[in-house]
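Q: In this note's numbering, the protein residues as written are 4 to 100. Cβ coordinates follow ideal geometry from the N, Cα and C atoms, glycine included.
1. Compute the distance between the beta-carbons of residue 87 and residue 60, then report whether it is under 7 Å.
2. Rounded to the nearest angstrom, what separates residue 53 and residue 22 at their Cα positions?
3. Measuring alpha carbon to alpha carbon, tell me which residue in 63, 48, 55, 90 is nearest residue 80.
4. What number of angstroms, rounded off, separates the C-alpha of residue 89 from the C-alpha of residue 55?
5. When DSSP labels each residue in this structure, what does residue 88 get in the three-state scheme?
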């Protein structure tokens with residue numbers, strides 16, 4: 004004997020996807036950020052060491068190796084000096100945590 008009702012089934016994968024999408028909008032941290040602080044830190048990458056004069060010099064010289072190899076050494080040295088000054092000013096202006 005048939006009651007006239009048809010059975011409707013949804014594949015489990017679709018239900019799982021819908022549940023995941025519904026939960027993705029939920030905020031559980033109370034901070035309004037949408038992600039936990041630990042997750043945000045993981046996305047930001049490893050912490051950078053503080054900028055020192057020798058680190059700035061190394062980064063600036065490496066920059067000339069990639070882009071300014073054809074320039075003579077004196078011009079590259081001038082570029083590196085300016086680059087170091089800019090990096091050190093930026094490091095001084097950066098907020099300390």
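A: According to the structure shown:
1. yes
2. 43 Å
3. Considering only alpha carbons, the answer is 63.
4. 12 Å
5. helix
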